[in-house]
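Student: Read top to bottom, the protein sequences are chains A and B. The numbers in the UniProt record's numbering rise by one with no breaks, and the one at position 441 of the first sequence is 441. The numbers in the UniProt record's numbering rise by one with no breaks, and the one at position 497 of the second sequence is 497. Provided herewith is a single structure, encoded as C-alpha cells, for subsequent inquiry.
Protein chains: 2
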Amino acid sequence: MGVDRVFVRLDASDDVVTATRPLEAGTTIEDVATLSLVPRGHKIATRTIKTGEPVKKYAQIIGYASETIPAGAHVHDHNLAFRATDVEYTFGTNLRPAPAPTAADTFMGYRRDSGRIGTRNYIGLLTSVNCSATAAHKIAAHFTPERLAAYPNVDGVVAFAHGTGCGMAGSGDGFAALQRVMWGYARHPNLAGVVMVGLGCEMNQIDWLLEAYGLKQGPLFATMNIQDVAGLKRTVDAGIAKVEAMLPIANEARREPCPASALTVALQCGGSDAWSGITANPALGYACDLLVGQGGTGVLAETPEIYGAEHLLAERAATPQVGKKLIERIRWWEDYVARNKGSMDNNPSPGNKRGGLTTILEKSLGAAAKGGTTPLTGVYEYGDEVRTPGFAFMDSPGYDPASVTGQIASGCNVVVFTTGRGSAFGSKPAPTIKVATTSELATKMNEDMDVDAGPILSGDKTVEEVGRHIYERILAVASGEATKSEAQGLGDHEFVPWQIGAVM
Amino acid sequence: MGVDRVFVRLDASDDVVTATRPLEAGTTIEDVATLSLVPRGHKIATRTIKTGEPVKKYAQIIGYASETIPAGAHVHDHNLAFRATDVEYTFGTNLRPAPAPTAADTFMGYRRDSGRIGTRNYIGLLTSVNCSATAAHKIAAHFTPERLAAYPNVDGVVAFAHGTGCGMAGSGDGFAALQRVMWGYARHPNLAGVVMVGLGCEMNQIDWLLEAYGLKQGPLFATMNIQDVAGLKRTVDAGIAKVEAMLPIANEARREPCPASALTVALQCGGSDAWSGITANPALGYACDLLVGQGGTGVLAETPEIYGAEHLLAERAATPQVGKKLIERIRWWEDYVARNKGSMDNNPSPGNKRGGLTTILEKSLGAAAKGGTTPLTGVYEYGDEVRTPGFAFMDSPGYDPASVTGQIASGCNVVVFTTGRGSAFGSKPAPTIKVATTSELATKMNEDMDVDAGPILSGDKTVEEVGRHIYERILAVASGEATKSEAQGLGDHEFVPWQIGAVM
Ligand SMILES: [Ca+2]
Ligand SMILES: [Ca+2]
Ligand SMILES: [Ca+2]
Ligand SMILES: [Ca+2]
Ligand SMILES: [Ca+2]
Numbered sequence: 001m002g003v004d005r006v007f008v009r010l011d012a013s014d015d016v017v018t019a020t021r022p023l024e025a026g027t028t029i030e031d032v033a034t035l036s037l038v039p040r041g042h043k044i045a046t047r048t049i050k051t052g053e054p055v056k057k058y059a060q061i062i063g064y065a066s067e068t069i070p071a072g073a074h075v076h077d078h079n080l081a082f083r084a085t086d087v088e089y090t091f092g093t094n095l096r097p098a099p100a101p102t103a104a105d106t107f108m109g110y111r112r113d114s115g116r117i118g119t120r121n122y123i124g125l126l127t128s129v130n131c132s133a134t135a136a137h138k139i140a141a142h143f144t145p146e147r148l149a150a151y152p153n154v155d156g157v158v159a160f161a162h163g164t165g166c167g168m169a170g171s172g173d174g175f176a177a178l179q180r181v182m183w184g185y186a187r188h189p190n191l192a193g194v195v196m197v198g199l200g201c202e203m204n205q206i207d208w209l210l211e212a213y214g215l216k217q218g219p220l221f222a223t224m225n226i227q228d229v230a231g232l233k234r235t236v237d238a239g240i241a242k243v244e245a246m247l248p249i250a251n252e253a254r255r256e257p258c259p260a261s262a263l264t265v266a267l268q269c270g271g272s273d274a275w276s277g278i279t280a281n282p283a284l285g286y287a288c289d290l291l292v293g294q295g296g297t298g299v300l301a302e303t304p305e306i307y308g309a310e311h312l313l314a315e316r317a318a319t320p321q322v323g324k325k326l327i328e329r330i331r332w333w334e335d336y337v338a339r340n341k342g343s344m345d346n347n348p349s350p351g352n353k354r355g356g357l358t359t360i361l362e363k364s365l366g367a368a369a370k371g372g373t374t375p376l377t378g379v380y381e382y383g384d385e386v387r388t389p390g391f392a393f394m395d396s397p398g399y400d401p402a403s404v405t406g407q408i409a410s411g412c413n414v415v416v417f418t419t420g421r422g423s424a425f426g427s428k429p430a431p432t433i434k435v436a437t438t439s440e441l442a443t444k445m446n447e448d449m450d451v452d453a454g455p456i457l458s459g460d461k462t463v464e465e466v467g468r469h470i471y472e473r474i475l476a477v478a479s480g481e482a483t484k485s486e487a488q489g490l491g492d493h494e495f496v497p498w499q500i501g502a503v504m
Numbered sequence: 001m002g003v004d005r006v007f008v009r010l011d012a013s014d015d016v017v018t019a020t021r022p023l024e025a026g027t028t029i030e031d032v033a034t035l036s037l038v039p040r041g042h043k044i045a046t047r048t049i050k051t052g053e054p055v056k057k058y059a060q061i062i063g064y065a066s067e068t069i070p071a072g073a074h075v076h077d078h079n080l081a082f083r084a085t086d087v088e089y090t091f092g093t094n095l096r097p098a099p100a101p102t103a104a105d106t107f108m109g110y111r112r113d114s115g116r117i118g119t120r121n122y123i124g125l126l127t128s129v130n131c132s133a134t135a136a137h138k139i140a141a142h143f144t145p146e147r148l149a150a151y152p153n154v155d156g157v158v159a160f161a162h163g164t165g166c167g168m169a170g171s172g173d174g175f176a177a178l179q180r181v182m183w184g185y186a187r188h189p190n191l192a193g194v195v196m197v198g199l200g201c202e203m204n205q206i207d208w209l210l211e212a213y214g215l216k217q218g219p220l221f222a223t224m225n226i227q228d229v230a231g232l233k234r235t236v237d238a239g240i241a242k243v244e245a246m247l248p249i250a251n252e253a254r255r256e257p258c259p260a261s262a263l264t265v266a267l268q269c270g271g272s273d274a275w276s277g278i279t280a281n282p283a284l285g286y287a288c289d290l291l292v293g294q295g296g297t298g299v300l301a302e303t304p305e306i307y308g309a310e311h312l313l314a315e316r317a318a319t320p321q322v323g324k325k326l327i328e329r330i331r332w333w334e335d336y337v338a339r340n341k342g343s344m345d346n347n348p349s350p351g352n353k354r355g356g357l358t359t360i361l362e363k364s365l366g367a368a369a370k371g372g373t374t375p376l377t378g379v380y381e382y383g384d385e386v387r388t389p390g391f392a393f394m395d396s397p398g399y400d401p402a403s404v405t406g407q408i409a410s411g412c413n414v415v416v417f418t419t420g421r422g423s424a425f426g427s428k429p430a431p432t433i434k435v436a437t438t439s440e441l442a443t444k445m446n447e448d449m450d451v452d453a454g455p456i457l458s459g460d461k462t463v464e465e466v467g468r469h470i471y472e473r474i475l476a477v478a479s480g481e482a483t484k485s486e487a488q489g490l491g492d493h494e495f496v497p498w499q500i501g502a503v504m
C-alpha cells in the first residue's frame, strides 16, 4: 500500500482498521470515508455494525456495539462495550495447524551430551543466595577477554547473582520456583559448565537442589559454599580454579548443523506502546508460527498480560488438560494478587485508552499476538522445563527480567523481545533479539534494536514479511551472530528469579 | 576466669549459665556441681528452681520450670516450658539510662551541607528499576582506580542495582518502601553525589520520587532515563559525563572532627549460631549503649527475629506512642506472613534446640541483645529516616541484604554485623564491621572478620571489653579505616530493597 498508508488492517475478517496517523474527517479508508477526526492508533469501522453486534479485531471479538456504528465511524468506548459474560471455557475448539514449511531449516548449534542443543557456549556461576553474589561476580570478573583469549569457543564466564535465596519459606510456591530456576540454569544447554556458589546456611540449599534433581558434581559441574571454603577470598580463588579447569573442556565444543526444531524461543514484550499489538507482536507471532511449523517451540509467558484473553488460548489448547492447567494458573494469579492487596484489573489505563485501546480483550489480544495461531501444546509453571514442541505457555509475571529468567530456566535458548517505548534489555546465557514497534524507535535506539517492525505501519512490509525476518534473525542469532544487546555486553545483571512469597 | 572457663553467665540475676563445652556430670559450676552430662551451648541451673517458678537468662524470664529443677541440673525442654500468656503490653516500665560517658568522643567525618555527617565519600548510581541495572554498573565500571587517582578524597563510584522497580503496584506498602529506600540513598551523607538512572516507563518513576521528596537536580544530583537519552550506550556516556562533572566537587570534601553523636549504627546479625546471643550480640549491645551514651544512634531491625520478645522492647519504649508503633509492626508482620501462606512461628528449630535454645523468648532475646539496654526512642518503617537519637527500631525482614539496605536508607552510616556460621557480607555506601561469635570462626574466616567476640567464651574478655572494642572499631571505621569487607571490595551487589507485594 506504499509509504502513505494511513491505516492498518490486522485480519481480513476484522470490522475495524487502525489509523496510523491522525485522520481528518473524509479520509478514504478502503471503501469508506471517515466520518470524524480519528486519532492515531484509534479504530475505524469499515462496515456498518448494528447495536449488539460483535466487533472484530485480530479476527477476534473485542466487544459489542453499544449503538449502531456506521461505516467510517471512530470506534471507541462511546460505541464499543466489553460485555463481561461468565466465560464458559472451551478447550481445543480452535486448532489451526502450523504453516507447512517449504524446507527443513537448520542453524549452527552446540549439541550437548544431554541431547539438548545450545546456541551459546558460556560457563556460568550460579548463586543460591545474595550472600554469594559478590563471590560470583568476582570469579566472573577474573575472566577478562585477555584471559579467555586461549578459549575462542567459549563465549564468556557469567555470574548469575540475585537478591533472594534466604529469608524465605523453605517450601511453597516461592521456594519451588527458585529451585526450578536454579535447576533450569544448571542444565541449560547454553552453559557448557556451571559452578554453583552458596553461603552455606541459606534457605535455598545447594545440597537440597542436587538431591531434588539428581545433579552430580563432575568436570563441568561443581558446587561450593563460602562457609565451607572459609571466606570470600578463598571462595573466589577456588571458583577461579574450578572455572579454569572447565575452560579447556568447554572450548572443545563446536557448532554443527542442527534442526530448527531444537530452538525454544522466549516470546516477550516490555515497555509496550499502542503499536505493540499491531506491528511487533503479530510479526513475532508469525515468526512463532514458522518456528512451530519446523517442529520448534515458542514460549509465551506474562500471565497478567494475557488476563482477559485466556479463553482464546484455552480454545487453542491441544488437550483439555492443557487448557485446564492454563485456567488454573489464571485462578492462582487472582488469588496471588488479591492476597497481596492488589488487583488483576487490567482494564485499559487512561494512557492505553488515549492510545486507542478500548477493552481489556483488545489489550490482552495485542500481547497474546506474540504467540501466533498454532495449537497450545503445553502450560508450565514458572521456570519448569518446556517439554512439548509447538506453542507453549509458561506462567510468569509481565515484569521483563523476572519473566525472561523463567523462560530461560524453562529451556529457551533464544529470546525475542518486542518494545514500543524502548528497552535496553539483554540476557545471558540465551541472547535477546529486540524488535521495535515503530521505525521512530528503531532509529532513536538504533544501538539497541535488532529489528524494525515499523514498516508494517507504513505498508512497506506485511506482518508476514517482518515475521519472516524475525524468524531468520532467530536462526542467525542461534548460529552465533551477536544481537545488539550482546554487542553491548548486557545480561550480567538481569537474572531476576520471581520472588513470590514473604521476605522474612 | 581464664581460658579454661567452661560456662558463661550473662547476668548476675540469671538462674542459669551456659556451658561453653560439653560438661561431664560432677563439673563444678560456681557453687554447684552438674548432675548429668550437659552439651555445649546448653543451660545449667545454678540454684534450685521450684515447679512454676520463672527461669531467668539475660536477666529476663525465658520460661517457667515445668518440674522442680535442682541446682546443677541441665535445663532444657524437659523441665523448662514457655508459658504463652496473653501479653498485656506495658510501655516505658523499664527505662534504663545510657552509661554516662567519661569523655565526648569524636571521629573524623564529612560534614555535608545538609547538616548530616558522612563516614565515606562515594558517588552513587541509583537505579529505579532492574532495566537500568547494566547502565548503572557500566557507568560505575568506567571509574577504575586509575581514572579516580586524581580524586583521592573520593572513595569510589558505586552502582546500586536491584531486581525490582516495575511489575508492581504503584501504591501500597511495597511501593512506599521502595521509594523510601531510593530517597534514603539519594540523601545519604556517605554519598557526595548521586546520579539516578531509570528506563522511563517503569512503575517506580524517578519523577514521582523527585516530586514526593522535593528533590531537585543540581551539581551533585542528576537524573536520567534510558528512553529519553535514547539507548544504553548514550545513557552510559551521559552518566559518565555526569559523574565526571561531580568528581572535582566531591573531591573537595575533607574529614573533620565530628561528635560520636553523629553516628547512626545499623545493628545486624546473619548466619547466627548458638553463641550469637551469648558473645557477639551482647557485646554489640554494650557498644550500642556506649554510643547512645554519647548521644549517638543504634538501629535494631529484623522484626521476625525479635518476634516473641517484643513486649520487652515495649517496656523500654520512651513513650507509649513508640511502644504502640512497635506492636503495630508486629501485627503487620503477622498479617504479611499469613497472607503469604507462611508462619511467624519462630519456635526454636530442631537445630536451635540441639544447640541449646529452649524457648522462642530465649531465641529472640539473643537477637535483641544487639540493642543493648537503653530506652527505645523511636520505631520506624523500613527505610524511613531515623530521626530520634538513642536506641531505635526499624521494621525489616531478617534477611541480611534486605535489612541492611533499609538500615542504610534510614540513615545508618556504619553497619555492625554479627555472625556465627560466617558471612562474607559487605555494604556500600556505609561500611560493614563483622563480628565473629567464636574464635574458631574468627580464625577460619580471618579475611572477613573484623572483631572476635570468642574471648567472651573463654573468659579472656568480658562482654563489656569486647563491646568497648566494637565501639572503638566503629569510631575508627567511621573515621576512614577500611573494614575487612571494604578491603575485599564487597558492597556492589548487596543492595536489595525489600520487595513486599506481588510481582506482576
Ligand atoms: Ca509486556
Ligand atoms: Ca514483559
Ligand atoms: Ca547485580
Ligand atoms: Ca539474624
Ligand atoms: Ca539478618
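Even glycine gets a Cβ: it sits at the ideal position worked out from N, Cα and C.
1) Quick one: which unbroken alpha helix (DSSP H) runs of 4-plus residues sit fully inside the region 230-298 of chain B? Chain order, please.
2) Which residues in the same chain as Ser13/A place their Cβ atom closer than 7 Å to its Cβ, once the five residues preceding and following it in sequence are excluded?
3) Specify the secondary structure class of Tyr471/B as computed by DSSP and reduced to three states.
4) Only counting runs of 3 or more residues, tell me where the beta strand (DSSP E) segments fall wholly within the region 379-444 of chain A, in order along the chain.
5) Could you check if Asp400/A belongs to the surroundings of ligand 2, using beta carbon to heavy atom distance under 7 Å?
6) Given that Glu494/B touches chain A, what residues does it touch there, using C-beta distances under 8 Å?
7) Rounded C-beta distance between Leu290/A and Tyr110/A? I'm assuming under 8 Å.
8) Could you compute how far the alpha carbon of Ala436/B sits from the alpha carbon of Ser485/B?
9) Use the C-beta contact count for Val87/A: other C-beta atoms within 10 angstroms, 16 or more gives buried, fewer gives exposed.
10) Run down chain A in chain order and give the residues with a C-beta less than 8 Å from the C-beta of Val503/B.
11) Considering only residues of the region 124-193 of chain B, which uninterrupted alpha helix (DSSP H) runs meet the minimum length of 4 residues and lie entirely inside it, listed in chain order?
12) Look at the alpha carbon of Ile206/A and the alpha carbon of Thr102/A, and state the distance between them as a whole number of angstroms.
13) Measuring straight from C-alpha to C-alpha, what distance separates Pro401/A and Gly426/A?
14) Taking 7 Å as the cut-off, does the CB of Gln217/A come closer than this to any heavy atom belonging to ligand 7?
15) With DSSP collapsed to three states, give me the class of Pro97/B.
16) Check for me: the beta strand (DSSP E) holding Val496/A runs from which residue to which?
17) Return the bridge partner residues of Leu300/B from the DSSP annotation.
18) In three-state DSSP terms, what is Arg111/A?
19) How long is the line joining the alpha carbons of Ser364/A and Arg468/A, rounded to whole angstroms?
20) Comparing C-alpha positions only, which one of Ser423/A, Val414/A, Thr377/A sits nearest to Tyr399/A?
21) From Pro497/B to Tyr213/B, what does the alpha carbon distance come to, in whole angstroms?
22) Whose Cβ in chain B lies nearer than 7 Å to the Cβ of Ser410/A?
23) Under a Cβ-count criterion, where at least 16 other Cβ atoms within 10 Å of its own Cβ denotes burial, should Ile50/B be classed as buried or exposed?
24) Could you compute how far the alpha carbon of Ser403/B sits from the alpha carbon of Gly366/A?
25) Would you check whether ligand 2 has a heavy atom nearer than 7 Å to the C-beta of Glu256/A?
26) Which residues does DSSP list as the beta-bridge partners of Phe7/B?
27) When the Cα of Ile327/B is compared with those of Gly200/B, Gly231/B, Phe91/B, which residue comes out closest?
28) Can you find a C-beta in chain B that's less than 8 Å from the C-beta of Ala309/A?
29) For the beta strand (DSSP E) holding Ile44/A, just list the boundary residues, first then last.
30) Using 10 angstroms around the beta-carbon of Asn340/A, count the other beta-carbons present and answer buried if the total reaches 16, otherwise exposed.
31) Indicate, with yes or no, if ligand 5 has a heavy atom lying under 7 Å from the CB of Glu302/A.
32) At 7 Å on the CB atoms, spell out the chain A contacts of Cys166/B, in chain order.
33) Whose C-beta lies closer than 8 Å to the C-beta of Val3/A among residues of the same chain, with five residues either side of it excluded?
34) In this structure, does DSSP put Pro375/B in helix, strand or coil?
35) Within its chain, find whatever has a CB closer than 7 Å to the CB of Asp452/B; leave out the 5 residues flanking it on each side and keep chain order.
Tutor: According to the structure shown:
1) 232-250, 280-293
2) Excluding residues up to 5 positions away in sequence, Lys56, Ala59 lie with their Cβ nearer than 7 Å to the Cβ of Ser13/A in the same chain.
3) helix
4) 390-394, 414-419, 432-436
5) yes
6) Asn130, Ala133, Thr134
7) Approximately 23 Å separates the beta-carbon atoms of Leu290/A and Tyr110/A; this is outside 8 Å, ruling out the contact.
8) 13 Å
9) exposed
10) Pro397, Tyr399, Ala402, Trp498, Gln499, Ile500
11) 133-142, 145-148, 173-186
12) 47 Å
13) C-alpha separation (whole angstroms): 9 Å.
14) Within the structure as shown, ligand 7 is missing, the only ligands being ligand 1, ligand 2, ligand 3, ligand 4 and ligand 5.
15) coil
16) That residue, Val496/A, is in no beta strand (DSSP E); it is neither H nor E in DSSP.
17) Answer is Phe393/B, bridged to Leu300/B.
18) strand
19) Taking the straight line joining both Cα atoms gives about 23 Å.
20) For Tyr399/A, the nearest C-alpha among the options comes from Ser423/A.
21) Distance between the alpha carbons of Pro497/B and Tyr213/B: 18 Å.
22) By Cβ distance, chain B contributes nothing, its closest Cβ being about 17 Å from Ser410/A, past 7 Å.
23) Reading the sequence as shown, one finds Lys at residue 50/B and not Ile. Under this definition Lys50/B is an exposed residue.
24) Between the C-alpha atoms of Ser403/B and Gly366/A there is a straight-line separation of about 40 Å.
25) No; taking the cut-off as 7 Å, the Cβ of Glu256/A has no heavy atom of ligand 2 nearer than that.
26) Phe7/B pairs with Ala19/B.
27) Phe91/B
28) no
29) 43-45
30) buried
31) no
32) Tyr399
33) Confidence is the limiting factor: at Val3/A the pLDDT is only 46, short of 50, which leaves the residue's position unreliable and the question unanswerable from this model.
34) Here Pro375/B sits in coil by DSSP.
35) Around Asp452/B: Ala436, Ser439, Ala442.
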